[in-house]
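Q: Sharing a structure, written as structure tokens. Questions coming.
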């Protein structure tokens, strides 16, 4: 019987390992599931009113301060929760909540107050709000070394909530502002230092109490100390691996030595020791020292009981961490950090070779980098290598040394290789076709510039190479330079990329026919138009577009009063957003335009598919705008986009908003003087001087999500209040132009 139990256990282990491998091989970006939590679809004003009823401060000033804090935090937190990054009822959030259960196993009442979510943010961070939300960033799960480290961070964030740190800092800032005018006098160093010292004290307290939470579990306390290494080096990738140029350089190409550096920017270990006086956080070195002292004291008091880095199964942690690393890589592309995403793929390919999801991201990165560089926008996607530390520095260095045509060529070669591996994946085919066209349109090159065969290396040359390598040590620096120069002249320094497609030709002999067709097609394109695209915006504002059906995302409204320390009108903003939605519906009907609103607060709890659609679209919109709307980019999420077009019956998705800024009117001495000299002008002069200056900006951007292009852009700025009449007129003009052929 025991034998059968053992065999059954091995069967289960093999089954789940196979299932996990299959999940990653067919990986899709993670989404929420189940019922939508009530607070995500409740209006911010309603949540604010609920929090007002919970305020029990007796002091009138404190009550007012808490009410202002409840107002700002309710709206700010809700915007954060609804920005498209939050996950619920998913694998990662479920795991993080299991760890939270362990951390708060002796505090059931506090556990009831805490709601933990994972957010699709690639940074190594976590946040706690004043109303009990703890948000764990995807990047943190990708970097922590074990469950105990995660538990300490959760305990730290819960302490911020438990000790009301957010509200106390809010009161402190308000008090300093009121007492000494810190915002009116930003140069008042003492005021700023007061606030920073207060914030640092709260961080130290959160560390100390967070460690107390850990002490009441079986987690290894010393893992808390290691957390500060994770935080300190969070700017680095999740691992370090020597960069192999063949990850990008394909075929039989042998890149020049000048494309690689022997002097990597080493990881700086002296960053820990810095003056934190002007920082809101104490240095990691200080925090680590405090934790070490606390752990040593705890061990003296309680002994060194057997503790461990994992309480839940370790394989659960490894599984969710791999998901987090896949998601972090995907999130980098949404933020336009293509180089970070590319190096993540390089690291992940060791454990997940020939993975379709990773191949898609690599293709998206190389495709986008090439598209931007071809249009003279390299700095938008390719950061300079100077400040990059560690092994990834080599990759940044190499791409910065390459010519524009090199990047286009090797991007095409990599993506076409993926097309051969995954012939049913249409993304690789589409990317390849675009890069072929770009290659001949933007660069002085022809299909005949490339070789179908790798260069032959004769046996005699191999022997000579071995002898030369032995003699290299005996050569002087100048002899080496002369030899290198002669090699460049004989081989041709510019010829290394001609072998980029040799491997592809051996697998697909028709490839060079496709190159030739792309070359001939490029001659039909007007070169002048393409050259003009490099320097001029492709967008024309406020033009007719002929769009008759749109999906409308959450409108955005900000009313900022600079006369009151940049005070936001939160309640007014929510009302104006609803007004915009109503007017868009009414005006669209009058102009025979069909509008479908996708707004989070309009959803029911079982509309999780729509919630995920909103999350994806907000992420897509943010990425498209951040990556410059002037460069035509085909989204890598083509299957997801095709599904949206089928679901909503249109490829046109719209986002609009209004920003109004009120400022103190600058006193016009000349106008006042003229009013005094000419009494009839005095009333006008006084009104102009006393009235606040108002600037408003209304915008609407409609994307064709199929092509990724802007289908309609409407932007108008006006120097007066955003009254209902004016706003209606702008919305009407906007929709009229959008729908007119």
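In the numbering used here, the protein residues as written are 12 to 752. Built from N, CA and C at the ideal position, the CB exists for glycine as well. Keep in mind the model is a prediction, meaning the values are calculated, not measured.
Return helix, strand or coil for residue 429, following the three-state DSSP convention.
A: helix
Q: Please state if the CB of residue 167 and the CB of residue 218 are separated by a distance shorter than 8 Å.
A: Judged by beta-carbon spacing, residue 167 lies within the 8 Å limit of residue 218, meaning their Cβ atoms are closer than that value.
Q: Using 10 angstroms around the beta-carbon of residue 341, count the other beta-carbons present and answer buried if the total reaches 16, otherwise exposed.
A: Residue 341 is classed as buried because its beta carbon has at least 16 other beta carbons within 10 Å across all chains shown.
Q: In angstroms with no decimal places, state the Cα-to-Cα distance between residue 313 and residue 222.
A: 14 Å
Q: Let me know the secondary structure DSSP gives residue 278 once reduced to three states.
A: coil
Q: With H, G and I counted as helix, E and B as strand and the rest as coil, what does DSSP make of residue 735?
A: Residue 735: helix per DSSP, three-state reduction.
Q: Roughly how many whole angstroms lie between the Cα atoms of residue 275 and residue 354?
A: 16 Å
Q: Using the rule of at least 16 other Cβ atoms within 10 Å of the residue's Cβ for burial, across every protein chain shown, is residue 602 buried or exposed?
A: exposed
Q: State the DSSP-derived secondary structure class of residue 167, mapped to helix, strand or coil.
A: helix
Q: Taking all protein chains shown into account, do 16 or more other C-beta atoms lie within 10 angstroms of the C-beta of residue 769, making it buried, or fewer, making it exposed?
A: Any question about residue 769 goes unanswered here, given that the chain covers just 12 to 752.
Q: Quick one: measure Cβ to Cβ for residue 559 and residue 606, integer angstroms, because I've assumed they're closer than 8 Å.
A: In fact, because the Cβ distance is near 10 Å, the residues do not count as touching under 8 Å.
Q: Kindly indicate which residue of 248, 294, 172, 710 has the alpha-carbon position closest to the one of residue 211.
A: 294
Q: Thinking residue 95 and residue 739 are a contact (beta carbons under 8 Å), I'd like their distance in whole angstroms, please.
A: The C-beta separation of residue 95 from residue 739 comes to about 29 Å, leaving the pair out of contact by the 8 Å criterion.
Q: May I ask you to verify whether the stretch 72-92 touches the stretch 53-63, counting CB pairs closer than 8 Å and requiring at least 3?
A: yes
Q: I'd like the list of long-range same chain contacts for residue 277, defined as Cβ closer than 8 Å, with 5 residues on each side in sequence excluded.
A: 400, 401
Q: List the endpoints of the continuous alpha helix (DSSP H) containing residue 342.
A: 325-345
Q: Return the residue from the list 56, 356, 77 that minimises the CA-CA distance to residue 369.
A: 356
Q: What is the rounded straight-line gap between the Cα of residue 600 and the Cα of residue 610?
A: 19 Å
Q: What does residue 665 pair with, by DSSP beta-bridge criteria?
A: Residue 665 is bridged to 563, 713.
Q: How about the stretch 363-382 and the stretch 153-167: do they share at least three Cβ pairs that are nearer than 8 Å?
A: no
Q: Which same chain residues, not among the five before or five after residue 662, have their C-beta less than 6 Å away from its C-beta?
A: Counting only residues of its own chain and dropping the five nearest sequence neighbours on each side, residue 662 has a CB closer than 6 Å to the CB of 656, 715, 716, 717.
Q: CB-CB under 7 Å to residue 426, same chain, minus the five flanking residues each way: which ones, in chain order?
A: Counting only Cβ-Cβ distances below 7 Å, and skipping sequence neighbours, we find 374, 377, 378, 439, 442, 443, 446.
Q: Rounded to whole angstroms, what is the Cα-Cα separation between residue 571 and residue 669?
A: 11 Å
Q: Relative to the C-alpha of residue 621, which candidate in 38, 37, 35, 44 has its C-alpha closest?
A: 44
Q: Please tell me whether residue 126 and residue 143 are closer than 8 Å, where the distance is taken between their beta carbons.
A: Between residue 126 and residue 143, the gap from beta carbon to beta carbon is short of 8 Å.
Q: Closest by CA to residue 725, which one among 256, 654, 556?
A: 556
Q: Can at least three beta-carbon pairs, one atom from the stretch 254-269 and one from the stretch 409-420, be found at a separation below 8 Å?
A: yes
Q: Can you pull the DSSP bridge partners for residue 570?
A: 671
Q: Quick one: any contact between the stretch 523-531 and the stretch 454-466, if contact means 3 or more CB pairs under 8 Å?
A: yes
Q: Whose CA, out of 708, 671, 742, lies closest to the CA of residue 592?
A: When each option's Cα is compared against that of residue 592, the closest is 742.
Q: Hey, which unbroken runs of the alpha helix (DSSP H) at 4 residues or more fall wholly within the stretch 107-185?
A: Complete alpha helix (DSSP H) runs here, min 4: 119-124, 149-154, 158-173.
Q: Quick one: using the 10 Å Cβ neighbour count with 16 as the cut-off for buried, is residue 648 buried or exposed?
A: Label assigned to residue 648: buried.
Q: Rounded to the nearest angstrom, what separates residue 87 and residue 237 at their Cα positions?
A: 32 Å
Q: Can at least three beta-carbon pairs, one atom from the stretch 106-121 and one from the stretch 223-233, be found at a separation below 8 Å?
A: yes
Q: Secondary structure at residue 377, three-state DSSP: helix, strand or coil?
A: helix
Q: To the nearest angstrom, report how far apart residue 527 and residue 515 are at their CA atoms.
A: Cα to Cα, residue 527 sits roughly 15 Å from residue 515.
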